[in-house]
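**Student:**
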Amino acid sequence: MAANNNQEQQNQLVGHKELAHKSLLESDALYQYILETSVFPREHESLKELRQMTEKHPWNLMATPADEGQFLMMLLKLINAKNTIEIGVFTGYSLLSTALALPTDGKILALDVNREYYDLGLPIIQKAGVEHKIDFKEGPALPLLDELVKHEKNKGAYDFVFVDADKDNYLNYHKRVIELVKVGGLIGYDNTLWGGSVVAPPDAPLKDYVKHFRGHVLELNKYLANDSRIEICQLPVGDGITLCRRII
Ligand SMILES: C[S@@+](CC[C@H](N)C(=O)[O-])C[C@H]1O[C@@H](n2cnc3c(N)ncnc32)[C@H](O)[C@@H]1O
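If you're matching positions, the sequence shown starts at 238 in this note's numbering and goes up one per residue.
(1) Are V398 and V418 closer than 8 Å when you measure CB to CB?
(2) In angstroms with no decimal places, state the Cα-to-Cα distance between L312 and N391.
(3) Using 8 Å as the cut-off, can you tell me whether the segment 400-410 makes contact with the segment 322-340, which would need three or more C-beta pairs spanning the two stretches below that distance?
(4) Return yes when the C-beta of V350 is under 7 Å from any heavy atom of ligand 1, and no when it is not.
(5) Taking the C-alpha atoms as reference points, what is the distance between V282 and L346?
(6) Is K364 near ligand 3, in the sense that its beta carbon is under 7 Å from a heavy atom of that ligand?
(7) Quick one: is the Cβ of N406 within less than 7 Å of any heavy atom of ligand 1?
(8) Residue range of the alpha helix (DSSP H) that F323 falls in?
(9) On the criterion of 16 or more Cβ atoms from any shown chain inside 10 Å, does C481 qualify as buried, or is it exposed?
(10) Out of curiosity, what's the CA-to-CA distance linking G433 and P473?
(11) According to DSSP, is I316 part of a helix, a strand, or is it coil?
(12) Does the contact criterion of 3 or more C-beta pairs under 8 Å hold for the segment 372-381 versus the segment 292-305?
(13) Which of helix, strand or coil does DSSP assign to K390?
(14) Please name the residue or residues paired with T479 in a DSSP beta bridge.
(15) Sorted by chain position, which residues of the same chain lie with C-beta nearer than 6 Å to T328's C-beta, five sequence neighbours on each side aside?
(16) Here's the rule I'm using: 16 or more other beta-carbon atoms within 10 Å means buried, otherwise exposed. How should E305 be labelled?
(17) Using only the alpha-carbon positions, how far apart do Y407 and Q307 sit?
(18) What's the gap between the Cα of R466 and the Cα of K364?
(19) Measure the beta-carbon distance from L461 to T479 and round it to whole angstroms, keeping in mind my assumption that it falls under 8 Å.
(20) Should L318 be labelled buried (16 or more other beta-carbon atoms within 10 Å of its own) or exposed?
Have a look at this one:
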């Protein structure tokens, strides 16, 4: 009986390294511990619900890890964010975290090339009562950002921009969002440690997709470190998030 229970527990734990390997947490047990001991206030039950619902989605590994979602919520509250952009929504874990953290009249412009993912998580966003804060636009983010930048009123209008989409476009996004975020505002680039591969030796046995985007992530990191318009802070939360505070 005890052996069966152990096996069951093992089965539940297996998979973190495979499915959520982008997290820096190397141990399945530690990951599980974080999930079980993260205190989501009552009104954030919806985050747990969204995670459970999408857990079996084949691309579930794309969702923002729980520790990072919690961090984002705290950060947004600390900077009193009201007007934000999210590039790369997927099923909406980071989007729901953001929506819960913003005030009632807060707004998020949410961009994703695929609305199907968003629609999957939407019922939970609606149940959480925060859909009114979200303006979802389907399509490649670059032309949508170009359109925003054209209008003077949008420049410096955003408190926070979260970038979590196609890694080979991050530098292109940076060129646009730096104009949209206000001086003193923040841009957060996700996955800047890229599963730890940014420090892997050139001959390291990396998964194909990790290898494919590694060069782009390295290029972004170097660019951000030398960009005099921002000050940066790279945090080992989730798969690494680089916060850029616009200073000029
Ligand atoms: C890593 S997932 C985002 C995860 C999400 N932030 C979350 O918490 O679940 C990346 C998303 O970027 C979207 N994406 C990829 N290329 C894009 C593009 N060119 N423009 C807009 N969205 C894009 C994908 O459709 C996918 O939903």
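The beta carbon of each residue, even a glycine, is placed where N, CA and C say it ideally should be.
Being a predicted model, the structure only gives us computed values, none of them experimental.
**Tutor:** According to the data block:
(1) Residue numbering aside, residue 398 sits at position 161 when the sequence shown is read from its first letter. Residue numbering aside, residue 418 sits at position 181 when the sequence shown is read from its first letter. Yes, these two residues count as a Cβ contact at 8 Å.
(2) Counting from 1 along the sequence shown, the entry for residue 312 is found at position 75. Counting from 1 along the sequence shown, the entry for residue 391 is found at position 154. Approximately 23 Å between the Cα atoms of the pair.
(3) yes
(4) Taking the sequence shown and counting its residues from 1, one reaches residue 350 at position 113. Checking the Cβ of V350 against ligand 1 gives yes.
(5) Your numbering for residue 282 matches position 45 in the sequence shown. Your numbering for residue 346 matches position 109 in the sequence shown. Residue 282 is actually Glu in this sequence, not Val. Going by the C-alpha atoms only, they are around 23 Å apart.
(6) Ligand 3 is not part of this structure, which contains only ligand 1.
(7) Along the sequence shown, read from residue 1 onward, the residue named residue 406 stands at position 169. Checking the Cβ of N406 against ligand 1 gives yes.
(8) What you label residue 323 is simply residue 86 of the sequence shown in a count that begins at 1. In the sequence under discussion, the amino acid at residue 323 is Glu, which differs from the Phe named in the question. Looking at the DSSP string, E323 is not in any alpha helix (DSSP H); the run it does join, the beta strand (DSSP E), is 320-324.
(9) As a position in the sequence shown, residue 481 is number 244, starting the count at 1. That one is buried.
(10) Indexing the sequence shown from 1 puts residue 433 at position 196. Indexing the sequence shown from 1 puts residue 473 at position 236. About 10 Å.
(11) In the sequence shown, the residue the question calls residue 316 occupies position 79. Three-state DSSP puts I316 in coil, outside helix and strand.
(12) no
(13) Position 153 of the sequence shown, counted from the first residue, corresponds to residue 390. Three-state DSSP puts K390 in a helix.
(14) Here residue 479 is taken as the residue at index 242 of the sequence shown, counted from 1. Answer is Y426, Q471.
(15) Within the sequence shown, residue 328 is the residue found at index 91, counting from 1. Here T328 has T291, Y354, L357, G358 as same chain residues with Cβ atoms under 6 Å from its own Cβ, once five neighbours each way along the sequence are excluded.
(16) Your numbering for residue 305 matches position 68 in the sequence shown. Burial call: buried.
(17) As a first step, residue 407 is located in the sequence shown; it is residue number 170 there, counting from the start. As a first step, residue 307 is located in the sequence shown; it is residue number 70 there, counting from the start. Going from the Cα of Y407 to the Cα of Q307 covers about 23 Å.
(18) Locating residue 466 in the sequence shown gives position 229, where the first residue counts as 1. Locating residue 364 in the sequence shown gives position 127, where the first residue counts as 1. Spanning the two alpha carbons is a distance of roughly 40 Å.
(19) Residue 461 sits at position 224 when you count from the first residue of the sequence shown. Residue 479 sits at position 242 when you count from the first residue of the sequence shown. With a Cβ gap of about 6 Å, L461 and T479 count as contacting.
(20) Locating residue 318 in the sequence shown gives position 81, counting from the first residue. It is Ala, not Leu, that sits at residue 318 in the sequence shown. A318 counts as buried, since no fewer than 16 other beta carbons sit within 10 angstroms of its beta carbon.
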